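Residue numbers (our numbering): 1033 to 1404. All C-beta atoms, glycine included, are put in the ideal place defined by N, C-alpha and C. Here the structure is a predicted model, which is why all the values come from computation and not from measurement. Quick notes on the structure that follows.
Next up, the structure:
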């Protein structure tokens, strides 16, 4: 596990974001390694400056005051200034991991770069939009401003080669951090990938069997309207988007999810099977549910765990087990079903303990929410 991954546990989710952590680490590695900075920018076609940089300045979250027609100031994640051989270049880098571009964000950055090009002696100005996952982005096509989209796994390849040649320790930790957070996608299938693909349909069939039948019937009886595996294939969409394979019930301000949570690119984490309640603290109904969460956790014998109950965006409690802990029985499907059926008894107890929560508001036409 990387140092930065270990440090995450000391911060509440509302105080620090994965994107912010990553931005600061990358910026410091680029400051420490000007050769890596230039090789990466040359490799993705942003600059053709040759030789070593005479001066390289890298800042994060630098504020550029809003221009006429802009609604807000602009703060690119990383700003790079390069001077060498009598030429100077300015590069904005905007990074996205789980999020996507903000309102008119690219247009604002391009406008600022155009103003910089007109008012200062920059030889070239560029905007790099770099993402973990693919995002279709339209080229703003502003005269005098170069625009480049790229992916973090491409940067990872340059970083990996750099670490092999000359590592100061920090870049090695960044490499591990990127591997742990799905930013190291390679260009070859590994033997483990092939095994996973060959067994995917079989594993999916087993998951389906454990979530259908008795489990879904009992969940619907307790919770009311229920999204089964057959509902518009949303379980597959949840697997694709949020690394979980679930059935669920949705209510005004909160939700109940039942199923499997997969590791986020970190093989050290086990597959988790259980039930998770989530609530929105920005809604009155959600705040009532969160208050019930707090009370439920204080009940004697409660073994549910809290996750981010004080988070300003999303609060959860959950209970479950690592999948491998349920594989000691000869019949794995039966063991998992019994595990989930037992948890549903606790869900029923929670509902009976707090009957005034908006259980009657079951939502019928919306996908499960994702905590921010």
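Element boundaries [beta strand (DSSP E), containing residue i]
i	result
residue 1087	1087-1092
residue 1347	1347-1354
residue 1278	1276-1283
residue 1141	Note, residue 1141: premise wrong, no beta strand (DSSP E); alpha helix (DSSP H) at 1137-1151.
residue 1115	1110-1116
residue 1157	1156-1163
Local Cβ density within 10 Å of residue i, reported as buried at 16 or more and exposed below that
i	result
residue 1226	exposed
residue 1128	buried
residue 1108	buried
residue 1270	buried
residue 1362	exposed
residue 1258	buried
residue 1065	buried
residue 1268	exposed
residue 1232	exposed
residue 1377	exposed
residue 1345	exposed
residue 1158	buried
residue 1213	buried
residue 1156	buried
residue 1422	Residue numbering for the chain in the displayed model covers 1033 to 1404; residue 1422 lies beyond these limits and cannot be assessed.
residue 1222	exposed
residue 1153	exposed
residue 1197	exposed
residue 1265	exposed
residue 1209	buried
DSSP three-state assignment for residue i, whether helix, strand or coil
i	result
residue 1310	strand
residue 1180	strand
residue 1044	Because residue 1044 sits at a pLDDT of 44, beneath the cut-off of 50, its placement in the model cannot be relied upon, and the following sentence gives the value as read from the coordinates. Coil.
residue 1361	coil
residue 1083	coil
residue 1304	strand
residue 1290	strand
residue 1190	helix
residue 1124	strand
residue 1185	helix
residue 1119	strand
residue 1382	helix
residue 1096	strand
residue 1391	helix
Residues near residue i in its chain [Cβ-Cβ closer than 8 Å; skip 5 each side]
i	result
residue 1044	With a pLDDT of only 44 at residue 1044, under 50, the local geometry of the prediction cannot be trusted, and the value read off the model is given with reservation. So the list reads 1340, 1342 and 1343, once near-sequence residues are dropped.
residue 1316	1285
residue 1085	1066, 1069, 1070, 1114, 1115 and 1116
residue 1139	1172
residue 1248	1258, 1260, 1261 and 1279
residue 1203	1061, 1064, 1065, 1068, 1191, 1194 and 1195
residue 1051	1109, 1127, 1128, 1129, 1130 and 1131
residue 1391	1255, 1256, 1283 and 1383
residue 1148	1122, 1154 and 1157
Check whether residue i and residue j have beta carbons under 8 Å apart
i	j	result
residue 1335	residue 1349	no
residue 1278	residue 1379	no
residue 1111	residue 1055	no
residue 1238	residue 1320	no
residue 1088	residue 1081	no
residue 1076	residue 1174	no
residue 1090	residue 1062	yes
residue 1177	residue 1146	yes
residue 1104	residue 1283	no
residue 1142	residue 1242	no
residue 1305	residue 1229	no
Enclosing alpha helix (DSSP H) for residue i [first to last residue]
i	result
residue 1063	1050-1064
residue 1344	Neither: residue 1344 is in no alpha helix (DSSP H) and is coded neither H nor E.
residue 1209	1202-1212
residue 1319	1316-1330
residue 1226	1223-1243
residue 1248	1246-1255
Nonlocal neighbours in the same chain, by C-beta distance under 7 Å from residue i, ignoring five residues either side
i	result
residue 1324	1386 and 1389
residue 1192	1207
residue 1329	1336, 1338 and 1349
Same chain only: Cβ atoms within 6 Å of residue i, ignoring 5 sequence neighbours per side
i	result
residue 1309	1288 and 1349
residue 1367	1358 and 1361
residue 1096	1106 and 1144
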